[in-house]
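J.: The following block contains the structure, expressed as structure tokens.
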Amino acid sequence: GESVGLHLPTLSVQEGDNSIINCAYSNSASDYFIWYKQESGKGPQFIIDIRSNMDKRQGQRVTVLLNKTVKHLSLQIAATQPGDSAVYFCAENRRAGGTSYGKLTFGQGTILTVHP
Amino acid sequence: DTEVTQTPKHLVMGMTNKKSLKCEQHMGHRAMYWYKQKAKKPPELMFVYSYEKLSINESVPSRFSPECPNSSLLNLHLHALQPEDSALYLCASSQDMAQGIMNEQFFGPGTRLTVL
């Protein structure tokens, strides 16, 4: 079935390195994508979003890239810090009948561990 | 105020109990959501309210009953739950779904529910 998935379930990096977390999606009708960070015992925290009419968006230390041709989404974190250690989820919004229903579907998540 | 608050933080209940989870936001958002998250899994959508009306029910069992008393409050009434319903229950809100434009969802910290 259609799904949003991640290539790697875990990622370990050294402090100061750049991190790249990948996500594949299969629904070409998806028009909006979000990256969330979830720390242990907390709810998901919004990091950055991108709409399907864009291929790149930058925030503070984070960049999201969208490749609609291969249905691939990535989150790049520059100068990764120990405080970035968390589970990262991509999520997609699937349009139905021309209307956006607010139905986010989450990927399986990647555990990012940053070593000092 | 950019917070979504949830009470209680933790809840332990028996299978014959009736309890309620509460969620509140004061960001003026008109869409509110309930998600269920099992350990090491992504959040799964349960219900969506738009302008205080239920717009999405993801085939959730009737032992879960949502209620939206006003635009700032969202409740989830629980009755006759099963041990497999133990999970983190997350509430989220977003600006507006009526115009068909997807906006970021802000999550609360969740209620950790244990059903004995």
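If you're matching them up, the sequences are chains A and B in order.
The first sequence runs contiguously to residue 160 in my numbering.
The second sequence runs contiguously to residue 224 in my numbering.
Where a beta carbon is used, it is the ideal one built from N, C-alpha and C, also for glycine.
A quick note: this is a predicted structure, and the numbers were derived from the prediction, not measured.
1. Mapping the DSSP letters down to three states, classify residue 204/B as helix, strand or coil.
2. Can you say whether residue 200/B is buried or exposed, counting buried as having 16 or more other CB atoms within 10 angstroms of its CB?
3. Helix, strand or coil: which one does DSSP assign to residue 191/B?
4. Taking C-beta to C-beta, are residue 264/B and residue 116/B nearer than 9 Å?
5. Please report how far the alpha carbon of residue 78/A lies from the alpha carbon of residue 112/A, in whole angstroms.
6. To be precise: take each residue of the region 147-160 of chain A, compare its Cβ to all Cβ atoms of chain B, and keep it if any distance is under 7 Å. Which residues remain?
7. For chain B, find out if any of its Cβ atoms is closer than 9 Å to the Cβ of residue 51/A; answer yes or no.
8. Return the CA-CA distance between residue 116/A and residue 65/A, expressed in angstroms with no decimal places.
9. Once the 5 residues before and after residue 203/B are set aside, which same chain residues still bring their CB inside 6 Å of it?
10. Does the region 164-178 of chain B come within contact of the region 139-156 of chain B, defined as at least 3 CB pairs closer than 8 Å?
11. With DSSP collapsed to three states, give me the class of residue 61/A.
12. Identify the contact partners of residue 216/B in chain A, using a Cβ-Cβ distance below 7 Å as the criterion.
13. So, helix, strand or coil for residue 174/B, using DSSP?
T.: If we stick to the structure as given:
1. Taken through DSSP and simplified to helix, strand or coil, residue 204/B comes out as coil.
2. Taking every protein chain shown into account, the CB of residue 200/B has 16 or more other CB atoms within 10 angstroms, so this residue is buried.
3. helix
4. Outside the shown range of chain B, which is 109 to 224, sits residue 264/B, and nothing can be said about it.
5. 15 Å
6. 147, 148, 150, 151, 152, 153
7. Here the model assigns residue 51/A a pLDDT of 49, short of 50, so the residue's position is not dependable, and the following value carries that caveat. Closer than 9 Å: no.
8. 11 Å
9. 137, 211
10. yes
11. Looking at residue 61/A - three-state DSSP - the assignment turns out to be coil, as it is neither helix nor strand.
12. 87
13. strand
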